[in-house]
Structures are given as structure tokens and as C-alpha cells.
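So the structure is just underneath, and the comments pick up after that.
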Amino acid sequence: MSDILRAPAEIKYAEELDWLESIDDNPKPFSWRLSPKMVRLFILGSERSDGLDREISQKWFGDRSFVERSIVTLASDRGLLLIGDPGTGKSWLAELLSAAICRNSTLVVQGTAGTTEDHIKYSWNVSMVIAKGQSRESMIPSPIMTAMETGAIGRFEELTRSTSDVQDALISILSEKYVSVPELDSDSIVFAQPGFSIIATANSRDRGVNDLSSALKRRFNFVRIPVMTNRKSEAEIVRFRTEELLRRHQIELDVPPTLLDVLLQSFADLRASAAAAGSDDEKLESALSTAEQIGVLEDAILHSNFFGERALTARTLASSLVGSLARREPEDLAILNKYLHGVVEPRGKEEGGSWPEFLEGGRDAIATLS
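In case it helps, this note's numbering puts the sequence shown at residues 25 to 394.
Laid out in C-alpha cells, this is it:
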């Protein structure tokens with residue numbers, strides 16, 4: 025695993041999955057590798073009341089009911105649609121569910137304006153077709169078709185970014201559970217094996233790009249993942265991801281709890297400002313998600329390690345925040361400047377701590393970008 029830049033969940037947590045599978049004596053739907061109870065435990069982590077001989081780490085932080093509803097949906101014959109703002113952990117939850125259920129989270133189609141029906145059904149190896157004609161051997165199955173043939177979970181990322189033709193092709197797959205291959209004279213139907221299902225994700229900010237038809241909506245159970253607002257849970261997510269980053273880069277650098285509090289409070293302030301804004305021009309273009317918060321901290325840590333004094337400072341954190349969130353000029357810079365002078369400066373005078381240095385770092389970063 026050391027030579028993989030980003031190992032999928034089934035490889036990264038293979039030891040945990042093997043152990044859970046070895047002790048799992050609960051009923052399993054279809055060909056699932058783990059029972060629903062163990063899938064939930066793998067994703068949300070173990071508690072003392074579970075009475076296990078080892079601890080299972082928590083990998084997704086959010087409401088337990090979202091995970092349970094997702095698992096129940098996949099145990100039925102309906103697709104699962106995870107919908108929410110960018111950075112709410114939809115794709116990560118989909119990956120964890122796939123890894124726990126079928127030990128393969130890589131059967132993924134990425135929805136874009138260029139995604140075609142071939143990407144979710146099949147295409148052909150042209151050289152083999154010329155040499156031997158069209159056959160099952162010369163057919164290239166899509167990740168979704170491969171999931172059908174193996175009774176696994178297929179994933180469709182950013183469903184609403186794909187065109188209506190592509191979305192319509194999913195309707196027959198979800199309802200009929202087979203794909204017809206009219207080019208073949210025999211063996212021309214690929215049937216889904218027990219355990220097959222589809223997890224799709226959709227960005228709630230993409231509403232109106234390619235809206236889902238009523239027919240396709242009926243084939244999915246919707247699970248809406250809200251933006252994380254619980255301060256404690258968000259701190260756990262940021263800390264969890266930061267520890268992973270430090271291990272991956274083999275960096276020995278402490279993240280002072282006071283600076284983590286500054287980061288969390290800054291995002292909370294900016295979210296409150298965005299909620300009170302009267303127009304989009306008064307809001308940052310950033311979604312201010314937990315994922316973006318992690319990105320700001322990652323940027324600050326790497327900069328401190330490679331170009332700083334191997335110690336995270338409030339100045340570097342502020343510089344990373346401005347650099348990451350200022351995507352429009354001059355609108356975003358004006359919003360951040362207003363935040364620094366209207367909120368951070370008074371707080372620094374009143375509370376002290378890391379806030380004055382954070383203010384200076386933010387001002388310098390804005391001056392550099394202006």
C-alpha cells in the first residue's frame with residue numbers, strides 16, 4: 025500500500041474489514057461481505073457497548089441515521105442517492121459503504137457534461153472487433169455493468185452533471201436490472217447478480233444544471249447530508265484528516281488546539297456572514313464546507329513544514345485561509361478584508377491569544393493578492 029498515492033478504503037482498512045468479517049455471524053443480505061450491523065460499525069466506529077476485542081476507528085462523522093438509512097436502502101432493490109453541499113462527505117460515505125459491502129469501491133463513473141451512455145453500459149475494443157467481430161470478448165463493460173455482473177456496488181459521482189440521456193439510461197438498469205446488448209446475436213443480455221446496487225451522489229448547488237426526471241427519482245432513495253454544524257464533530261473530522269495527512273507525509277508537527285479553535289471559529293463566522301448576506305456578491309464563492317476547512321489546514325501544515333519553522337503559526341494559518349478562499353477578485357478579497365477588520369480585529373483586542381497574529385497574517389495575504 026505504500027506505493028499507492030491514495031489507497032481505496034478496502035485496501036486502507038483491509039485489516040479491519042478482514043477482522044470484522046471473521047467475527048460476523050449476523051445475517052447478510054445477498055452476497056454482502058459484512059452484515060448491515062457490521063457495515064455500520066465499520067463506518068461509525070466501535071463503542072464499549074459493542075463488546076469487541078479491538079477498537080474499530082470512526083471513519084465518517086455525521087448523524088447515525090444517515091448511515092443506517094443508506095445501508096437499509098442498499099439492502100433493498102433501490103438505488104441510493106446521497107445529496108448535499110460540496111464537502112459534506114457524500115463521496116467518502118459512498119466509498120466506505122462500497123468497501124464494507126463488497127470490498128470494491130472503485131467501480132465508479134464520474135458524471136460530467138461529456139459522460140455518455142457508453143460510460144454506464146459498454147463500449148467496444150475496436151481492434152478486436154475488426155479482427156474477430158463483435159463478441160463478449162471484444163466488449164468493454166462499464167464500471168456499472170461490471171458491478172451488475174459481479175453483484176457489487178456501482179458508484180455514480182455527480183449524477184446531476186450528466187445529461188438527461190445518460191440519466192435516462194440508468195432508469196432501465198435500476199428498474200429492470202439488466203442491460204441489453206443488441207449487437208450480439210447470442211448471450212445478448214447482461215443480468216444483474218444479487219447484491220448489485222448503485223450509489224449516486226449529487227451536489228445540491230447544481231440544482232437546475234440537469235435536473236433528475238421524476239422517473240429516475242422514483243428509483244432512488246434520497247439521503248440528504250447537511251453541512252456539519254456541530255463544533256465538536258467538525259473538530260473531530262478536521263483532526264482525523266489532519267492526522268492522516270501527517271502520517272502520509274511523515275511529518276512531525278503539532279497542531280496546537282488553540283489554532284484549531286481559531287480555524288473552526290473563522291469558518292463559523294464566515295458561514296454566519298454568508299447566511300446573513302443579501303446577495304451572492306456579498307458571499308464568498310467557497311461553500312465553506314468541512315472539506316475546505318481541512319484543505320486550509322493542510323495547506324498551512326505543508327507550508328510550515330517545507331518553508332516555515334516546522335511549527336504551525338496563526339500567521340501561516342491566516343495566509344492559507346485567504347489564499348484558499350479568495351477565488352474571485354476583488355469580491356472575495358473584499359469580503360475577507362471586511363471580516364478581518366470587523367470581526368477578527370475587535371476579537372483580538374478583547375481576547376488576545378492567537379487572534380492578533382491571525383489578523384496580521386490575513387492582512388499581509390490580502391495585500392499580496394490585491
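For every residue, glycine included, the Cβ atom is placed at its ideal position computed from N, Cα and C.
Remember, predicted model here, so these are calculated numbers, not experimental data.
- Looking at the backbone, the Cα of residue 201 and that of residue 169 are separated by about 10 Å.
- The closest CA to that of residue 163, considering only 127, 212 and 265, is found on 212.
- Using a C-beta cut-off of 8 Å, the segment 351-371 makes no contact with the segment 142-154, since fewer than three inter-stretch Cβ pairs fall below that distance.
- The DSSP-derived three-state label of residue 116 is helix.
- For residue 225, the uninterrupted beta strand (DSSP E) run begins and ends at 221-227, by DSSP.
- For residue 341, the enclosing alpha helix (DSSP H) has its first and last residue at 338-349.
- Contact between residue 93 and residue 247 is confirmed by a C-beta separation of about 5 Å, below the 8 Å threshold.
- When secondary structure is reduced to three states using DSSP, residue 361 falls in the helix class.
- Excluding the 5 residues flanking it on each side, residue 57 has same chain C-beta neighbours closer than 8 Å at 41, 45, 124, 125, 126 and 127, in chain order.
- Residue 283 and residue 60 have their C-alpha atoms roughly 39 Å apart.
- Per DSSP, residue 135 is not a residue of any alpha helix (DSSP H), being assigned neither H nor E.
- Under the DSSP assignment, residue 291 falls in the alpha helix (DSSP H) whose first and last residues are 281-300.
- The alpha carbon of residue 362 has as its nearest neighbour, out of 378, 383 and 344, the alpha carbon of 383.
- In this structure, DSSP gives residue 85 a state outside helix and strand, which the three-state scheme calls coil.
- In the structure shown, residue 108 falls within a strand segment according to DSSP collapsed to helix, strand and coil.
- For a cut-off of 8 Å, the C-beta gap from residue 99 to residue 225 is around 19 Å, too long to register as a contact.
- With fewer than 16 neighbouring CB atoms inside 10 Å of its own CB, residue 29 falls in the exposed class.
- Within the segment 163-207, the beta strand (DSSP E) runs of at least 3 residues that lie entirely inside it are, in chain order, 163-165, 177-181 and 202-204.
- Here the alpha carbons of residue 79 and residue 71 stand approximately 8 Å from one another.
- Per DSSP, the continuous beta strand (DSSP E) segment holding residue 148 begins and ends at 146-148.
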